[in-house]
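Since the structure comes first, as C-alpha cells, the remarks are kept for the end.
Numbering (our numbering), first residue to last: 250 to 329.
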C-alpha cells in the first residue's frame, strides 16, 4: 500500500515539474513576443512623429513650487 502511495506521489511530483517547465517555456516565449511588439510600436511611433504636421500646445505643470513647461503635439502626442 505504501509503495502505491509513493509511486503516486512521485508521479504527481513529476507531473508538477513538467508543468512548471512548460509554463516557464511559455512565459519566455510570451516575453519575447511582447518585446518584439514593443519594438514594432516604437518604430511606428517614430515614423508617425517624423511625418506628422505637428500642432503644438503648451503645457505647464507645477510641482513643489517649480514650473515645468513643455509642448505636446495635439495630433501625434509627441512631447518636447
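Glycine included, every Cβ here is placed at the ideal spot set by N, Cα and C.
Between residue 283 and residue 259, the alpha-carbon positions lie close to 36 angstroms from each other.
In terms of Cα proximity to residue 319, the closest of 276, 292 and 307 is 307.
Judged by DSSP in its simplified three-state form, residue 283 adopts helix.
DSSP places residue 325 in no beta strand (DSSP E); its state is neither H nor E.
Bridge pairing for residue 317: 310 [DSSP]. Taking residue 329 as the centre and dropping the five residues before and after it, the same chain places the C-beta of 319 and 320 closer than 7 angstroms to its C-beta, in chain order.
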